[in-house]
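First comes the structure, then the notes that go with it.
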Amino acid sequence: MIYNFTENLFMEMSFFERVKIHALSNEYVNLKTVGQQVYCNDQMVCGPTRWDKKLLRHSYALYGVIKREVMQIRFHLEGNIILESKIFKGSSRSVSDYKTIMNTMLELESEARKCGLAIIKAEIAHTHLSSCYIDRKKFKLCLLSKNDLEVAKRLKQFREYPIEIKAIAKDGLVFKKIF
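For the numbering used here, add 135 to where a residue sits in the sequence shown, where the first one is 1.
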């Protein structure tokens, strides 16, 4: 009876809470905790913010019949001001390229200069529509791809402010890395 209760309680937890429990248990080599943060390889794993959930909803059209990755860039400025790009819509596997992201960032940088406010960080977020899972035997997470990380590295070469790249998985996890 107690076993069923704890098993049901485990299933009622958010996917992020379940991943965190597995990370704390040291069951998987690539999944670990540092302080209160969960990492898979060198990417931070966290639960989605309200903005992340909103962006994820844009990945589904016509009641989920049409599924596509989407991307949005946000600049966090001093004074707690946020500038947002339009939402870019892609295919079921891809959403944007370096040139589009670079041009969008240049536009947002120009807007920030017009406001006379310093850029605290840039946030490049996109959705991943593959499924994530974790159980006692194995796990699959929709981490940032090698291409995602390379784009962020290239963008960082020309910027003094931090660039945070995020992949928002449909299962309620967010993977991010700051350059």
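Beta carbons are placed, not taken as given, at the ideal position from N, Cα and C, and that holds for glycine. Please read all numbers here as calculations on a predicted model, not as lab measurements.
Between Ala257 and Gln207, the CB-CB gap reaches or exceeds 9 Å. Where Phe210 is concerned, the enclosing beta strand (DSSP E) starts and stops at 205-212. Comparing C-alpha distances from Lys234 to each of Val286, Glu147, Glu152 shows the shortest one belongs to Val286. Here Ala247 is buried, its C-beta having at least 16 other C-beta atoms within 10 Å. With a 10 Å radius around the Cβ and a threshold of 16 neighbouring Cβ atoms, Lys272 comes out exposed.
Buried is the label assigned to Thr262, since at least 16 other Cβ atoms lie within 10 Å of its Cβ.
In this model, Ser266 and Ala304 are separated by some 8 Å (Cα to Cα).
For Ser226, the number of other beta carbons within 10 angstroms of its own is below 16, and it is reported as exposed. In its chain, beyond the 5 residues on either side, Ile298, Phe314 have a beta carbon closer than 6 Å to the beta carbon of Lys291. Residue pairing by DSSP leaves Met148 without any beta bridge partner. If you draw a straight line from the Cα of Val154 to the Cα of Ser194, it comes to about 24 Å.
With contacts defined as CB atoms closer than 9 Å, Lys224 and Glu204 qualify as a contacting pair. Sorting Ile255, Gln178, Thr184, Asp306 by C-alpha distance to the C-alpha of Ile217 places Ile255 at the top. Checking the DSSP bridge columns, you'll see Tyr174 partnered with Lys167, Met179.
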